[in-house]
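K.L.:
The C-terminal residue of the sequence shown carries number 389 in full-length UniProt numbering, and the numbering is unbroken. All C-beta atoms in this analysis are idealised placements derived from N, C-alpha and C, irrespective of residue type, glycine included.
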Amino acid sequence: MKTSPPSPAAALVRFDPVLLCAVLGLVSFGLVMVYSASAVLAQDKQGDSLYFLKRQLVAAGLGLGAMAVAMKVGWRRLARWAYPLLLAAIVLLVLVNIPGIGSTAGGARRWIRLPGFGLQPAEVAKFAWVVYLSYSLAKKREKVAKFSVGFVPHLALCGILVLLCMMQPDFGSSVLLVFMLFVLLFAAGAKLSYLVGMVLLALPLAYVAIASSPYRMKRILAFMDPWAHRHDVGYQVAESLMSIGSGGVSGLGLGDGRQKLFFLPEAHTDFIFSIIAEETGLIGVGILVVLYGVVLWRGVRASLAAGETFGTYLGLGISSIIAFQAAVNMCVAMGLLPTKGLTLPFVSYGGSSLVVLMGAAGVLLSLSANTQGAARPSRVGTDMREVAA
Numbered sequence: 001m002k003t004s005p006p007s008p009a010a011a012l013v014r015f016d017p018v019l020l021c022a023v024l025g026l027v028s029f030g031l032v033m034v035y036s037a038s039a040v041l042a043q044d045k046q047g048d049s050l051y052f053l054k055r056q057l058v059a060a061g062l063g064l065g066a067m068a069v070a071m072k073v074g075w076r077r078l079a080r081w082a083y084p085l086l087l088a089a090i091v092l093l094v095l096v097n098i099p100g101i102g103s104t105a106g107g108a109r110r111w112i113r114l115p116g117f118g119l120q121p122a123e124v125a126k127f128a129w130v131v132y133l134s135y136s137l138a139k140k141r142e143k144v145a146k147f148s149v150g151f152v153p154h155l156a157l158c159g160i161l162v163l164l165c166m167m168q169p170d171f172g173s174s175v176l177l178v179f180m181l182f183v184l185l186f187a188a189g190a191k192l193s194y195l196v197g198m199v200l201l202a203l204p205l206a207y208v209a210i211a212s213s214p215y216r217m218k219r220i221l222a223f224m225d226p227w228a229h230r231h232d233v234g235y236q237v238a239e240s241l242m243s244i245g246s247g248g249v250s251g252l253g254l255g256d257g258r259q260k261l262f263f264l265p266e267a268h269t270d271f272i273f274s275i276i277a278e279e280t281g282l283i284g285v286g287i288l289v290v291l292y293g294v295v296l297w298r299g300v301r302a303s304l305a306a307g308e309t310f311g312t313y314l315g316l317g318i319s320s321i322i323a324f325q326a327a328v329n330m331c332v333a334m335g336l337l338p339t340k341g342l343t344l345p346f347v348s349y350g351g352s353s354l355v356v357l358m359g360a361a362g363v364l365l366s367l368s369a370n371t372q373g374a375a376r377p378s379r380v381g382t383d384m385r386e387v388a389a
């Protein structure tokens, strides 16, 4: 019997509505908090209290477009873009380190200024790295356990990306790239001894990177005892802790936070979590954590039910990026980790981060379209030629 094609409404339902609502909830919450945290600063610096909100709204609009395109195109087609995406990310990371092309702010050259907005290549590199790793590990799935095939090439490529990020410098993104390599190698079945060896190798390299940089050593001092350096290197962390502590259970109320009044630096970017805690209290923080938990849960659920190796790795990688950045950002704000410079996903001010993450969320949603109702039959052994077709 001939069946009619599904209606547009029915097609929309195929995407995980819980995941979609969680992502849009985080973006909406972020828009509210970006305005609350930045209005006074924007009025003082730009003469327009809506300056940062307007730019974030534009980024959110572009992010919705990226999400819609990703949902429409589907995750399978990303396989054929694995190498071009990685090459583009490397080119951008090289360009941002060239004086005159890369723009410097806060002592780091992390942006390429384009008409109307700034592009942060590290954000593109994170997504490209996950796509490439997912494709490469899926293609080599039977040889991942081999040191010369599954481990060394990916480690060497990761080293190149990390080196380019450290030249900016961007220590936070470097840590995330290494973390993603560890997660996906572990998921792909790499030998545990290789992974342990990678961690042991990374520790002295991280020590050298920190010890050789005065500003990173200051961050370690601020982390160890912010109150002993209250008016020096520990100022930002101390102000963040005061902001979080003053929120209590229900918070001071939206717009009524005090630390954003030129006390807490980067209140609308890296330390927006502190303002959230101050103005919405434990209740608001709890809602935020639950939303991230839902994104992680539904993302991993869709990944494990994908039935294809590339899709499984891709979903796990994207879910891990979101969860890792959220956990690190919140821990930094609470003084549990040294300052890393990683944004709070979907919430912090930052156009590049928001657009890329919403596009990545669209990939997760396209992955979830195959898992609504019941998981598809397992096809972990699918030939990568079919995936890339």
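Cutting at 6 angstroms between CB atoms, please list the residues of its own chain near residue 89, excluding the five before and the five after it.
P.N.:
Within the same chain, residue 89 has close Cβ partners 124, 125, 128.
K.L.:
Excluding five sequence neighbours on each side, which residues of the same chain lie with their C-beta closer than 8 angstroms to the C-beta of residue 177?
P.N.:
So the list reads 125, 126, 129, 158, 161, 162, 165, once near-sequence residues are dropped.
K.L.:
Would the region 221 to 230 and the region 195 to 204 be scored as touching if the rule is three or more Cβ pairs under 8 angstroms?
P.N.:
Counting Cβ pairs under 8 angstroms, fewer than three are found: no touch.
K.L.:
Report yes if the CB atom of residue 319 is closer than 9 angstroms to the CB atom of residue 291, and no otherwise.
P.N.:
No, these two residues do not count as a Cβ contact at 9 angstroms.
K.L.:
How long is the line joining the alpha carbons of residue 228 and residue 39, rounded to whole angstroms?
P.N.:
For residue 228 and residue 39, the distance between alpha carbons rounds to 31 angstroms.
K.L.:
In chain order, what residues of the same chain have a beta carbon less than 6 angstroms from the beta carbon of residue 358, not counting five sequence neighbours either side?
P.N.:
Correct list, in chain order: 63, 66, 67.
K.L.:
Go through its chain and collect everything with a Cβ distance to residue 256's Cβ below 8 angstroms, but skip five positions before and after it.
P.N.:
Within the same chain, residue 256 has close Cβ partners 279.
K.L.:
With DSSP as the reference, please indicate the residues paired to residue 111 in a beta bridge.
P.N.:
For residue 111, which the question treats as bridged, DSSP gives the partners 103.
K.L.:
Buried or exposed for residue 214, please, with buried defined as at least 16 other CB atoms from any protein chain shown within 10 angstroms of its CB.
P.N.:
The residue is exposed, with fewer than 16 neighbouring Cβ atoms inside 10 Å.
K.L.:
Within 8 angstroms, do at least three Cβ pairs link the region 261 to 279 to the region 332 to 351?
P.N.:
The answer is yes - the region 261 to 279 touches the region 332 to 351, with three or more Cβ pairs under 8 angstroms.
K.L.:
Identify, in the order they occur along the chain, each residue of the same chain with its Cβ nearer than 6 angstroms to the Cβ of residue 333, setting aside the five sequence neighbours on each side.
P.N.:
Taken in chain order, the residues that qualify are 240, 271, 273, 274.
K.L.:
Are there 16 or more other CB atoms within 10 angstroms of the CB of residue 171, so buried, or fewer, so exposed?
P.N.:
By the 10 Å Cβ count, residue 171 comes out buried.
K.L.:
For residue 262, which of helix, strand or coil comes out of DSSP?
P.N.:
Three-state result, residue 262: coil.
K.L.:
Under a three-way DSSP split, which group does residue 118 fall into?
P.N.:
Residue 118 falls in the strand class under three-state DSSP.
K.L.:
Would you report the Cα separation of residue 100 and residue 242, rounded to the nearest angstrom?
P.N.:
Distance between the alpha carbons of residue 100 and residue 242 is about 39 angstroms.
K.L.:
Measuring alpha carbon to alpha carbon, tell me which of 250, 264, 258 ends up nearest residue 282.
P.N.:
Nearest of 250, 264, 258 to residue 282, Cα basis: 250.
K.L.:
So residue 36 and residue 337 are supposed to be a Cβ contact under 8 angstroms. How far apart are they, rounded?
P.N.:
Actually they are not in contact, since the Cβ atoms of residue 36 and residue 337 sit about 25 angstroms apart, beyond 8 angstroms.
K.L.:
Hey, residue 185 and residue 313 are a contact pair by Cβ (cut 8 angstroms); roughly how many whole angstroms apart?
P.N.:
With 8 angstroms as the limit, residue 185 and residue 313 do not qualify as a contact, their Cβ atoms being about 10 angstroms apart.
K.L.:
Could you give the DSSP three-state label for residue 210: helix, strand or coil?
P.N.:
Three-state DSSP puts residue 210 in a helix.
K.L.:
For the candidate residues 364, 335, 28, whose alpha-carbon lies nearest to that of residue 230?
P.N.:
Selected option, being the one with the closest Cα: 335.
K.L.:
Comparing alpha-carbon positions, which option in 190, 321, 341, 294 lies nearest residue 236?
P.N.:
With distances taken between Cα atoms, residue 236 lies closest to 341.
K.L.:
Near residue 61, which residues of its chain fall below 8 angstroms by C-beta distance, leaving aside the five closest residues on each side in sequence?
P.N.:
No residues qualify anywhere along the chain.
K.L.:
Would residue 113 be called buried (16 or more neighbouring beta carbons within 10 Å of its own) or exposed?
P.N.:
By the neighbour-count rule (16 or more Cβ atoms within 10 Å), residue 113 is not buried but exposed.
K.L.:
Taking 9 angstroms as the threshold (C-beta atoms), are residue 247 and residue 190 in contact?
P.N.:
Their beta carbons are not under 9 angstroms apart, which means residue 190 does not touch residue 247 by this criterion.
K.L.:
Please list, in chain order, all residues of the same chain as residue 323 whose beta carbon is under 6 angstroms from its beta carbon, the five residues on each side excluded.
P.N.:
Contacts found: 296.
K.L.:
Taking residue 210 as the reference, which of 169, 197, 192 has the closest Cα?
P.N.:
Nearest option by C-alpha distance: 169.
K.L.:
What's the gap between the Cα of residue 145 and the Cα of residue 309?
P.N.:
Taking the straight line joining both Cα atoms gives about 16 angstroms.
K.L.:
Is residue 135 buried or exposed, if buried means 16 or more other CB atoms sit within 10 Å of its CB?
P.N.:
Its Cβ being crowded by 16 or more others within 10 Å, residue 135 is buried.
K.L.:
I believe residue 366 touches residue 74 by the beta-carbon criterion, under 8 angstroms. Please report the beta-carbon distance rounded to the nearest angstrom.
P.N.:
Between residue 74 and residue 366 the Cβ distance is about 5 angstroms, and since that is below 8 angstroms, they are a contact.
K.L.:
Quick check on residue 320 - is its C-beta less than 9 angstroms from some C-beta in chain C?
P.N.:
Absent from the structure: chain C. Only one protein chain is present.
K.L.:
Apart from the five residues on each side of it in sequence, which residues of its chain come closer than 6 angstroms, Cβ to Cβ, to residue 339?
P.N.:
Correct list, in chain order: 219, 332.
K.L.:
Buried or exposed: residue 346, going by 16 or more other Cβ atoms within 10 Å of its Cβ?
P.N.:
Classification for residue 346: buried.
K.L.:
Ends of the alpha helix (DSSP H) at residue 44?
P.N.:
17 to 46 is the span of the alpha helix (DSSP H), which, as asked, contains residue 44.
K.L.:
Measuring alpha carbon to alpha carbon, tell me which residue in 167, 330, 360 is nearest residue 391.
P.N.:
In this structure the chain extends from 1 to 389, so residue 391 is not present and cannot be described.
K.L.:
Output yes or no for whether 9 angstroms exceeds the beta carbon distance between residue 354 and residue 94.
P.N.:
It is not a contact, given that the beta carbons lie outside the stated cut-off.
K.L.:
Start and end of the alpha helix (DSSP H) containing residue 359?
P.N.:
Where residue 359 is concerned, the enclosing alpha helix (DSSP H) stretches over 351 to 368.
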